[in-house]
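Following: one structure in structure tokens, then a few remarks.
Given below as structure tokens:
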């Protein structure tokens, strides 16, 4: 239900080269995407792993709760991945974001990009992350050592970036 | 012998944060470095995998032979990794380059960087690759479908970049 | 007399906690735009003060203020996002 | 009369194939610099024409042309590199 990848229930949304794009509630690792990312013509693979830090602004963080709007988040991730492929002419992209309760050190986000050469692979990888920071309907609440919690200040996604309403 | 990592025979060369830096003759994967890279304070990990492409400039490539000067390459990789840590203030760096005979799709290079935030992690990762393209004493010969071979044009490392003669 | 309809508005994160529910049902006039929906929500005691910075999604896409909300649309208020 | 010594020069990649050996022994004057060593190598039939673009490493570090080569140094000719 949460995966807009190859076995997605909405295949019309899956663009060529997007190996997976969606939200998950289970453990993530960059290693998960390494096997499927890339084609025989690709010389460069860039993988990004976002991990839960054990502190933020001087506060010790004991856990992070990610809330999300999964159905929309799947769509947004698919759109961003497809856009990365078109814009940077990379060959494959995979992106997964975890929601639920995460402990420090656990992986919240994985982005994998492959391309013929390294320049486009790095640029497309960075593009995917910068876009999802603006558009992905996911929110995080930090849990501190004393049991208190706080939603993190987000970035206002105040309207569509382009006519078709994409991210 | 080929690893200037934690179990290196020259521990004085291993800078804090360099988890591994060296040449290997065995199979590589970015997954190898994912476990050791990063600290509890790190929110971002960037891993680069260089893979053997099945073609180059219109020629079908059936294999790649990497020649190297392993003892010097270990030193150069350790220096580049240490420099990346100092220059970008990232927390851990690992880099391994394979030599010998590789088939298309196999991994020739892995670079892993962790940092508190993604900006420095991406920049340091790119820095390591750009530096080793200039300084690492490794050479590659392509093997084509018809059995012919050719050394690839390299980049002239025509002198030390800094007073201490580093890369 | 203008026909009205009731529509469920999905809430997330701090909004959900403030309201104490994962959705809110509101009644709007047929032909209402996203902007009209925001006006109706603005007078809601729990959510009204939280709308600044929030976006509206219709059917899982960000919607501009002039777009008309139709009966049966999936409507959500998207607080400033913080993924990654 | 200037004392001379013999020193092994390691070769790699295309250089090794051209020369047909992984090292070359040359005799140089005591006090010779990297530049002097290059001059000696330049007259070698197999390696001479390949030195343009190549660097010299002493004891596993790139060495500038004014550096003196000492007996027992690990010397290598580094063709333009092509890792990655």
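Residue numbers (the working numbering), protein chains in the order written: chain A, 1 to 167; chain B, 1001 to 1167; chain C, 2001 to 2084; chain D, 3001 to 3084.
Backbone N, C-alpha and C fix where the C-beta goes; we use that ideal spot for every residue, glycine too.
{"Asked": "Per DSSP, cross-strand counterpart(s) of residue 174(A)", "Found": "The requested residue 174(A) does not occur in the structure, where chain A is confined to residues 1 to 167."}
{"Asked": "Option in 156(A), 146(A), 132(A) and 140(A) with minimal Cα separation from residue 75(A)", "Found": "132(A)"}
{"Asked": "Residue 2052(C) versus residue 2077(C) - alpha carbon distance", "Found": "11 Å"}
{"Asked": "Burial state of residue 1040(B) (16 or more Cβ within 10 Å)", "Found": "exposed"}
{"Asked": "Check whether residue 1136(B) and residue 3082(D) have beta carbons under 7 Å apart", "Found": "no"}
{"Asked": "Reduced DSSP category for residue 3060(D) - H, G, I as helix; E, B as strand; rest coil", "Found": "coil"}
{"Asked": "Members of the region 1126 to 1139 of chain B near chain D, C-beta cut-off 9 Å", "Found": "1129, 1132, 1133, 1134, 1135, 1136, 1137, 1138 and 1139"}
{"Asked": "Touching by the beta-carbon criterion (3+ pairs, under 8 Å), the region 58 to 72 of chain A and the region 110 to 118 of chain A", "Found": "no"}
{"Asked": "9 Å Cβ cut-off: residues of chain B touching residue 3069(D)", "Found": "Simply none; closest approach about 14 Å."}
{"Asked": "Cutoff 6 Å; reference residue 141(A); Cβ partners in own chain excluding five residues on either side", "Found": "65, 149 and 151"}
{"Asked": "Contact check, residue 1111(B) vs residue 1091(B), beta carbons under 7 Å", "Found": "no"}
{"Asked": "Residue 25(A) classed as buried or exposed, judged by whether at least 16 other C-beta atoms fall within 10 angstroms", "Found": "exposed"}
{"Asked": "Bridge partner(s) assigned by DSSP for residue 3050(D)", "Found": "Beta-bridge pairing links residue 3050(D) to no other residue."}
{"Asked": "Beta-bridge pairing of residue 2029(C) - partner residues as DSSP gives them", "Found": "2004(C)"}
{"Asked": "For residue 1109(B), the first and last residue of its enclosing alpha helix (DSSP H)", "Found": "Taken as a continuous stretch (DSSP letters only), residue 1109(B) belongs to no alpha helix (DSSP H), being part of the beta strand (DSSP E) at 1107 to 1115."}
{"Asked": "Below-7 Å beta-carbon distance, residue 1003(B) vs any chain D residue", "Found": "For residue 1003(B), the predicted model reports a pLDDT of 37, less than 50, meaning its position is unreliable; a value from the coordinates is still stated below. No, no contact with chain D."}
{"Asked": "Interface partners of residue 1109(B) on chain D, CB under 8 Å", "Found": "3083 and 3084"}
{"Asked": "Cutoff 6 Å; reference residue 167(A); Cβ partners in own chain excluding five residues on either side", "Found": "Note that residue 167(A) scores 40 on pLDDT, short of 50, meaning its location in the model is unreliable; the coordinates nonetheless yield the value given after this. For residue 167(A), where only same-chain residues beyond five positions count, the Cβ hits under 6 Å are 76, 79, 80, 131 and 135."}
{"Asked": "Cut-off 8 Å between Cβ atoms - residues of its own chain near residue 72(A), not counting five sequence neighbours on either side", "Found": "137"}
{"Asked": "Chain D contact for residue 1079(B) (CB, 7 Å cutoff)", "Found": "no"}
{"Asked": "DSSP three-state assignment for residue 27(A), whether helix, strand or coil", "Found": "coil"}
{"Asked": "Min CB distance residue 1034(B) to chain A below 7 Å", "Found": "yes"}
{"Asked": "Cβ of residue 3012(D) within 7 Å of any chain B Cβ", "Found": "yes"}
{"Asked": "Spatial distance of residue 3074(D) from residue 16(A) (CA atoms)", "Found": "53 Å"}
{"Asked": "Members of the region 1025 to 1049 of chain B that neighbour chain A once the beta carbon cut-off is set at 8 Å", "Found": "1029, 1030, 1031, 1034, 1038, 1040, 1041, 1042, 1043, 1044, 1045, 1046, 1047, 1048 and 1049"}
{"Asked": "Residue nearest to residue 2002(C) in terms of C-alpha spacing, selected from 2021(C), 2059(C) and 2029(C)", "Found": "2029(C)"}
{"Asked": "Three-way DSSP call (helix, strand, coil) for residue 9(A) in this model", "Found": "Unreliable positioning characterises residue 9(A) in this predicted model, as indicated by a pLDDT of 40, which lies under 50. The coordinate reading is nonetheless provided below. Note: residue 9(A) maps to coil in three-state DSSP."}
{"Asked": "Minimum C-alpha distance to residue 3056(D) - residue among 3018(D), 3006(D), 3020(D) and 3033(D)", "Found": "3033(D)"}
{"Asked": "From 1086(B), 1144(B), 1154(B) and 1050(B), residue whose alpha carbon lies closest to that of residue 1108(B)", "Found": "1050(B)"}
{"Asked": "Cβ shell of residue 2018(C) (< 8 Å), same chain only, five flanking positions each side left out", "Found": "2046, 2047 and 2050"}
{"Asked": "Residue environment, residue 83(A), which counts as buried when at least 16 other CB atoms sit within 10 Å", "Found": "buried"}
{"Asked": "Where residue 93(A) sits in the DSSP three-state scheme", "Found": "strand"}
{"Asked": "Local conformation of residue 1102(B) per DSSP, three classes", "Found": "strand"}
{"Asked": "Cα-Cα separation, residue 2010(C) to residue 156(A)", "Found": "17 Å"}
{"Asked": "Proximal residues, the region 2037 to 2064 of chain C versus chain A, C-beta separation under 8 Å", "Found": "2053, 2054, 2055, 2057, 2060, 2061, 2062, 2063 and 2064"}
{"Asked": "Three-state class that DSSP yields for residue 1083(B) in the structure shown", "Found": "helix"}
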